[in-house]
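Remarks on the structure that follows.
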Amino acid sequence: RLAASHAQGSDAWHAGSAGVLLLGCGFKPPKTALRASSTVSEVVRELEGRGVAARDDWTVDVTDFLEPEYLEAVEAQCSKLGIACLRVGGYEKAARARLVLTNPDLVDASGEEEI
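Everything in the sequence shown is counted per the working numbering, starting at 283 for the first residue and increasing by one.
See the structure below:
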């Protein structure tokens, strides 16, 4: 599991065993918080764009914590577009989670057990 936390006022991210994947592949902290009033389709559209950029640029993008309906919709769209989309963060069986968006080859190269 990945527990990423951003040290306030610093560019240092702590990601446990997934640190190699995150720090070695151009990891960028979440860009902007999604509006609480965003519809599922708006969130999917925004994260689809971020996922495509991460896939094409061979970088890693991490979302804010998302509600289950957003998670499922984004994961389905990422699957269609060939974007690696991994649920991380929170505690075991938590309803909300973050998504790590990247190129699938980065996940294959790092080994899923590290993530």
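Using N, Cα and C, we set each Cβ at its ideal position, and we do this for glycine too.
Looking at Glu330, Thr345, Gly333 and Ala335, the one whose alpha-carbon comes closest to that of Gly371 is Thr345. Each of Val342, Tyr352, Asp339 and Glu330 was checked against the Cα of Thr321, and the nearest Cα belongs to Tyr352. The beta carbon of Arg378 sits closer than 7 Å to those of Phe347, Leu348, Glu349 and Gly372, all from its chain and outside the five residues before and after it, given in chain order. Burial is judged here by how many other beta carbons sit within 10 angstroms of a residue's own beta carbon; Gly331 has fewer than 16 and is exposed. For the pair Val325 and Glu357, the Cα-to-Cα distance works out to about 12 Å.
Residue range Val322 to Asp339 is occupied by the alpha helix (DSSP H) that includes Arg327.
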